[in-house]
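Numbering-wise, the sequence shown is residues 47 to 475 according to this note's numbering.
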Amino acid sequence: MRFGAEILKQADVLATFTEDAPRLTRTYLSKQHKQAGVYLIGLMRDAGMTADFDPLGNIVGRYEAGVPFAPVVMTGSHQDSVRNAGKYDGLFGILSPIACVKELNRQGRRLPYTLEIVGFGDEEGVRFPATLIGSKAMAGLFDPAWLDKTDADGITMRQAINDFGGDANKWRVLDRRSGAPDGEHGDVVAFVESHIEQGPVLLNEGLAVGIVTAIAGATRLRISITGLAGHAGTVPMGARQDALTAAAEMILFVESYCTNHAGLVGTVGIMSLKPGAVNVIPQDVEFTIDVRSSDDGSRVNAVNAFNETFAVIAKRRNVAFTSNVFFSSDAAPCDAGLQRQFEAAVVAHGIAPRYLPSGAGHDAMVFPAVAPTAMLFVRCGNNGISHHPAETMTAEDAEIATSVLLHFFEHYQPPQFSASSAQRVDRHI
Ligand SMILES: [Zn+2]
């Protein structure tokens with residue numbers, strides 16, 4: 047085994063950099079983020095790369111191309127975790143390409159592009175009220191207002207970045223879009239991310255890897271229902287304005303609608319009711335809906351259907367309701383050409399190509415703003431559980447996925463002499 051066993055061992059080491067052992071929690075700009083970064087930078091350098099932290103605490107390694115003025119293929123994933131996390135979410139997407147570079151370097155091989163591996167400082171958004179901080183900075187989507195946001199201890203992101211050893215004022219230089227300030231590092235021509243699936247599709251079909259078609263878009267709604275409180279013993283059943291039974295009917299509609307429309311998933315994850323007494327009819331109920339699809343149209347249709355049906359339910363039950371969208375993001379499609387190149391790499395390993403959407407968000411979802419983007423999924427054991435200590439990956443699957451990724455890197459040909467790379471040659475002359 048060339049890669050798998052070693053990657054799992056490295057993931058075990060990284061799991062020791064945690065804020066609440068024996069659980070695994072590693073948040074952005076924490077001491078453990080620094081420790082994990084130092085460890086990953088060491089692995090990158092041992093593999094033949096130059097590597098360091100960038101001004102926002104992302105871990106960046108470069109394996110320089112074999113030719114001058116070459117473009118950049120970027121790969122990577124996040125170093126941070128949710129609270130009480132698994133060991134492979136994010137980390138696999140950093141460790142697997144490092145293993146690829148180590149192998150290329152051992153063979154003395156350079157690629158026709160510079161391979162850049164990034165361990166994004168934040169993807170999960172656990173510490174500050176922002177997510178995908180590192181990848182958004184690279185995609186030109188960093189919001190400087192985030193710097194004044196505070197964590198639970200009242201520390202601003204600006205302070206935390208500077209205490210970490212970074213430089214909060216330099217967020218602009220991370221922008222890697224074509225024509226952005228960071229021209230010196232070369233144009234990014236592709237972004238690819240390898241990641242544990244975090245679901246059971248590949249496991250159920252007996253496949254080690256799969257090719258992601260798109261990262262699902264999501265809409266989050268807050269539904270408020272107002273009925274009328276009343277005595278549980280005296281108000282006749284036919285005369286009630288029970289906000290909770292109205293909510294129950296609405297929630298079951300969300301479930302049945304998403305069950306009957308392929309590609310949709312809908313979840314009610316938060317709910318509260320008032321007054322909340324055993325002998326009082328519920329008057330005020332609030333709940334959230336998270337609905338996702340890799341098809342933006344079907345997600346929009348779902349939200350419209352929810353609102354229309356909720357209005358009917360509310361009228362029949364004599365309650366009032368409001369529906370507010372508090373988060374919305376469109377689906378991020380993966381590049382068709384890169385998907386085909388992953389398919390070739392998967393087929394070369396004797397595996398049937400399986401295309402699947404990603405229901406979870408990933409760093410890759412912001413990179414279409416920078417370059418064509420693709421993702422490779424790796425089978426997730428234990429019924430596909432993730433964001434949980436029971437998340438597992440076998441050494442055999444880590445081996446296959448890394449070998450597929452290496453095949454992709456070995457065969458990827460960057461677009462020749464783009465206008466901007468020609469300009470860069472001029473600038474250097
Ligand atoms: Zn992840």
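In this text, a Cβ means the ideal position worked out from N, Cα and C, and glycines have one as well.
By DSSP's criteria, residue i is part of a beta bridge. Which residues make up the other side?
i           : result
residue 234 : 118
residue 239 : 421
residue 277 : 326
residue 453 : Its beta-bridge partners do not exist; DSSP assigns none.
residue 268 : 334 and 370
residue 345 : According to DSSP, residue 345 bridges with nothing at all.
residue 317 : 333
residue 106 : 98 and 164
residue 83  : Residue 83 is not bridged to any residue.
residue 287 : 274
residue 431 : Answer is none; residue 431 lacks a bridge partner.
residue 124 : 166
residue 224 : Per DSSP, none; premise fails for residue 224.
residue 416 : Residue 416 is not bridged to any residue.
residue 256 : 423
residue 379 : 260
Verify the contact flag: residue i, CB atom, against every heavy atom of ligand 1, threshold strictly below 7 Å.
i           : result
residue 169 : yes
residue 135 : yes
residue 79  : no
residue 453 : no
residue 408 : yes
residue 241 : yes
Quick check: what's the CA-CA separation for residue i versus residue j?
i           : j           : result
residue 231 : residue 88  : 21 Å
residue 276 : residue 204 : 51 Å
residue 202 : residue 171 : 14 Å
residue 242 : residue 55  : 16 Å
residue 519 : residue 361 : Only positions 47 to 475 of the chain appear in the structure, and residue 519 is not among them; the question remains open.
residue 418 : residue 313 : 30 Å
residue 434 : residue 442 : 21 Å
residue 189 : residue 134 : 28 Å
residue 376 : residue 350 : 16 Å
residue 141 : residue 293 : 45 Å
residue 310 : residue 169 : 23 Å
residue 334 : residue 383 : 37 Å
residue 222 : residue 235 : 10 Å
residue 179 : residue 404 : 20 Å
residue 431 : residue 394 : 28 Å
residue 414 : residue 285 : 54 Å
residue 342 : residue 155 : 42 Å
residue 82  : residue 128 : 15 Å
residue 52  : residue 412 : 30 Å
residue 99  : residue 459 : 28 Å
residue 473 : residue 114 : Confidence at residue 473 is low in this model, with a pLDDT of 43, below 50, so the placement of that residue should be treated as unreliable; the coordinate-derived value is given next. One C-alpha to the other measures close to 13 Å.
residue 101 : residue 192 : 15 Å
residue 467 : residue 226 : Unreliable placement is indicated for residue 467, whose pLDDT of 48 sits below 50; the coordinate value is still reported in the next sentence. Between residue 467 and residue 226, the C-alpha separation is close to 13 Å.
residue 416 : residue 308 : 30 Å
residue 181 : residue 289 : 42 Å
residue 239 : residue 183 : 17 Å
What residues in its chain sit with their C-beta under 6 Å from that of residue i, if we drop five residues either side in the sequence?
i           : result
residue 143 : 121 and 163
residue 146 : 451, 452 and 455
residue 69  : 130
residue 247 : 402
residue 317 : 333
residue 471 : Reliability fails at residue 471, whose pLDDT of 45 lies under 50, so the model's placement of it is uncertain and no value is given.
residue 103 : 75, 167, 210 and 212
Using 7 Å as the cut-off, classify the Cβ of residue i as near or not near the heavy atoms of ligand 2, replying yes or no.
i           : result
residue 123 : Only ligand 1 can be found as ligands here, which leaves ligand 2 out of the picture.
Just to confirm my understanding: we take residue i, look at its own chain, exclude 5 residues before and 5 after, and list those with CB closer than 7 Å. What are they?
i           : result
residue 90  : 97, 107, 144 and 163
residue 355 : 299
residue 295 : 359
residue 406 : 244
residue 270 : 332, 367 and 368
residue 440 : 427
residue 59  : 85
residue 381 : 418, 419 and 420
residue 93  : 144, 147, 148 and 151
residue 475 : Confidence is the limiting factor: at residue 475 the pLDDT is only 37, short of 50, which leaves the residue's position unreliable, though a coordinate-based value still follows. Same-chain partners within the cutoff: there are none.
Among the residues of its own chain, which have a CB less than 8 Å from the CB of residue i, if the five just before and after it don't count?
i           : result
residue 353 : 369
residue 40  : Limits of the chain in this structure are 47 at one end and 475 at the other, which puts residue 40 out of reach.
The region 291-301 / the region 245-256 touching (three or more Cβ pairs under 8 Å): no
Cβ contact (3+ pairs, closer than 8 Å) linking the region 257-265 and the region 330-343: yes
Three Cβ pairs or more, each shorter than 8 Å: is that satisfied between the region 371-385 and the region 182-201? no
Using a Cβ distance threshold of 8 Å, determine whether the region 213-220 contacts the region 398-407, with at least three qualifying pairs required. Contact fails between the region 213-220 and the region 398-407, because fewer than three Cβ pairs, one in each stretch, are under 8 Å apart.
Taking contact to mean 3 or more Cβ pairs, one atom from each stretch, closer than 8 Å, check whether the region 172-182 and the region 49-64 are in contact. Because the criterion of three Cβ pairs below 8 Å is not met, the region 172-182 and the region 49-64 do not touch.
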